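Below is one structure, written out as C-alpha cells; comments come after it.
Protein chains in written order, with our numbering: chain S, 65 to 144; chain A, 13 to 378.
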C-alpha cells in the first residue's frame, strides 16, 4: 500500500531534523515554539543546501532528502 | 577544504597510532594494511610520520564500536553514519571510531575501509569537511579504486596549510574536481543513456535530465565501480539498449547500470587495425556507428557487424564544417552534437551542415 502522505511527511520531517541536529547543530526543539522551530529548520536547511551545492530552497525537496540519505562521516559539516 | 574551527593541530609531526580492536569481517593483516595505507595518504604530501604502537597511549587510537560507545556521538547501525574522528588533542583527541555494524571491505563493495579511514584521519589531523565533491574530506562516501588512489589537490592544500609541505624535493600534486562553468572545460566523452545525457570528465560525469534540465556531478565509480577513469568515447546503441564505453583499445558494454558479461573487449572486434590505439569519439545513428579517430571517421554497420567500405574518410568530408579533432559527440533529435575543446557544433543531419556553434558548458547550464 502506498505510504499515506501524512506519514511520509512526518517521516521526512524526522529525517530532516535528525540530520540537521547531527551535522548542522540544529538546537533541540522541546522548548521552542513551532513557528520559531520551523524558521530555524529552514535556516539550517539552507546552510546544508549551500554546503552541498543544492538549490537553497529552505525546504526538504527531493534532491535534499536524497543527499541526506547518503552514507557519510559522522563529523558535523560546520563548527567543531 | 576547511580547517577545524580554531585550527587545532598536532605540535609534533612524528605521530603514533594504535589499533585497539578489529572488525571480524577482515583479517587483522588486511585491517593493518588498510590503516597504514590510509595514513600514507597524509604523510606523502606533508612532514607527518605515523608509527604504529601496540601498547600505551597513542596520539590516534582506532577502534570498531557500535551504537552508543561513550563519546556522546552514537552510531546508527548499518549505513547512515559510517565513522567519525576527533580533532587533534589529548585523550580522545585524534581518535577514530568505525561503526562495527557496517560491512567493511577492501574492494568496491560498501564500505571500503581504506577510503573511510583516510577520510577520518583527515579529521584526526585537524581538517573539517570540504564542500568539494571530489575531495577526500567531502562528507559523503564515494568509492575510488584504492590501487590507483591519489589524494585530491583540495586535500593536499588543506593538510599543507596545517603542517607545511612534504620534506621530499618534489611536492606531490593531486587531481582537481572539474567545475562545470570552467570556460576551458573539455569533455572526455558524451553519450545519451535512456533519455539522459552523460558528460564524462576524468573520474566524474555530469548527468543531464532532459525535462528537468537539472545537471548533477557524480563519480563514475558511483554507478560503475568496475570502469576506469578517463574514458575516451561512448555511444548508445538504441536498438540494443546498450551503451558502449571506450578507453585505449578496450571497450565495455552497459545495460543501464549493469556491465554486460565478457567485457572489456578489444576494439579489433569492430575491425579496427592495430594501428588505431584509441578512439576519440563515437555515435550511433540509423543502424550505423561512426567512430572518430584523429582527423578520420570510420563507419561500422551495426547489423552486418563490419566496417563499411570506403572508410575511414576525413571527418571534414563526411561531416562538412567539422574541421577539428572531435573530443565527444552525441545524437539529439536530427542533430549530431560535436564537442571539440570548449566548443560544440550542431550538425544538422537533414541539411548536412553545421547550424550552430557555441560553448560546450552551455549543456551544463552555464
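Heads up, the beta-carbon is just placed ideally off N, CA and C, and yes, glycines get one too.
Computed from a prediction, not measured in an experiment: that's the story for all the values here.
The beta carbon of residue 139 of chain S falls within 8 angstroms of a beta carbon belonging to chain A, placing the residue at that interface.
Chain A places no beta carbon closer than 8 angstroms to that of residue 122 of chain S, leaving this residue out of the contacts. Residue 361 of chain A and residue 351 of chain A do not touch by the CB rule: their CB atoms are close to 17 angstroms apart, not below 8 angstroms.
Contact between the stretch 58–78 of chain A and the stretch 177–195 of chain A is established, with three or more Cβ pairs separated by less than 8 angstroms.
Close CB contacts of residue 275 of chain A within its chain, under the 6 angstroms cut and outside five residues either way in sequence, are with 264 and 265 (chain order). A straight-line Cα-Cα distance of about 48 angstroms links residue 182 of chain A and residue 223 of chain A.
In the assembly as shown, residue 132 of chain A is a buried residue. Its beta-carbon has 16 or more other beta-carbons within 10 Å.
Contact check between the stretch 146–164 of chain A and the stretch 193–201 of chain A: fewer than three CB pairs, one atom from each, fall below 8 angstroms, which does not count as touching.
Listed in chain order, the positions of the stretch 85–98 of chain A with a beta carbon within less than 8 angstroms of a beta carbon of chain S are 85, 87, 91, 92, 93, 94, 95, 96 and 97. As DSSP reads the structure, residue 96 of chain A sits in a beta bridge with A:109.
The three-state secondary structure of residue 343 of chain A, taken from DSSP, is strand. The C-beta of residue 110 of chain S comes no closer than 8 angstroms to any C-beta of chain A. By the CB criterion at 8 angstroms, residue 338 of chain A and residue 293 of chain A fall inside the cutoff. Residue 206 of chain A is a Cβ neighbour of residue 268 of chain A, given a cutoff of 8 angstroms. The continuous alpha helix (DSSP H) containing residue 166 of chain A extends over residues 165–175. With a contact defined as Cβ atoms closer than 8 angstroms, residue 140 of chain S and residue 88 of chain S qualify at about 7 angstroms. Per DSSP, the continuous beta strand (DSSP E) segment holding residue 208 of chain A begins and ends at 208–213. For residue 136 of chain A, the nearest beta carbon of chain S is not closer than 8 angstroms to its own beta carbon. When Cβ-Cβ separations below 8 angstroms define contact, residue 151 of chain A makes contact with chain S. At a cut-off of 8 angstroms between beta carbons, residue 136 of chain S contacts chain A. Across the stretch 363–374 of chain A, no CB contact with chain S closer than 7 angstroms is found for any residue. Identification of chain S residues near residue 112 of chain A by a Cβ-Cβ cut-off of 8 angstroms yields none; the smallest Cβ-Cβ distance measures about 13 angstroms. The three-state secondary structure of residue 271 of chain A, taken from DSSP, is strand. In the DSSP assignment, residue 132 of chain S is bridged to no other residue. C-alpha of residue 359 of chain A to C-alpha of residue 123 of chain A: approximately 45 angstroms in a straight line. Membership of residue 74 of chain A in the beta strand (DSSP E) is indicated by the continuous run 72–77. With contacts defined as CB atoms closer than 8 angstroms, residue 234 of chain A and residue 257 of chain A fail to qualify as a contacting pair. Across the structure, residue 15 of chain A and residue 270 of chain A are spaced so that their CA atoms are roughly 39 angstroms apart.
Spatial neighbours of residue 76 of chain S in its own chain (CB-CB distance under 8 angstroms, excluding positions within 5 residues in sequence) are listed in chain order as 124 and 129. Between residue 190 of chain A and residue 162 of chain A a beta carbon distance of about 15 angstroms is seen, past the 8 angstroms cut, so the two are scored as non-contacting. Annotated three-state conformation of residue 128 of chain A is helix, per DSSP. When C-alpha distances from residue 155 of chain A are compared across A:92, A:121 and A:371, the shortest belongs to A:121. No Cβ-Cβ contact shorter than 8 angstroms links residue 243 of chain A with residue 278 of chain A. For the C-beta of residue 123 of chain A, the chain S residues within less than 8 angstroms are, from N- to C-terminus, 135. Taking the CA atoms as reference points, residue 143 of chain S sits about 33 angstroms from residue 159 of chain A.
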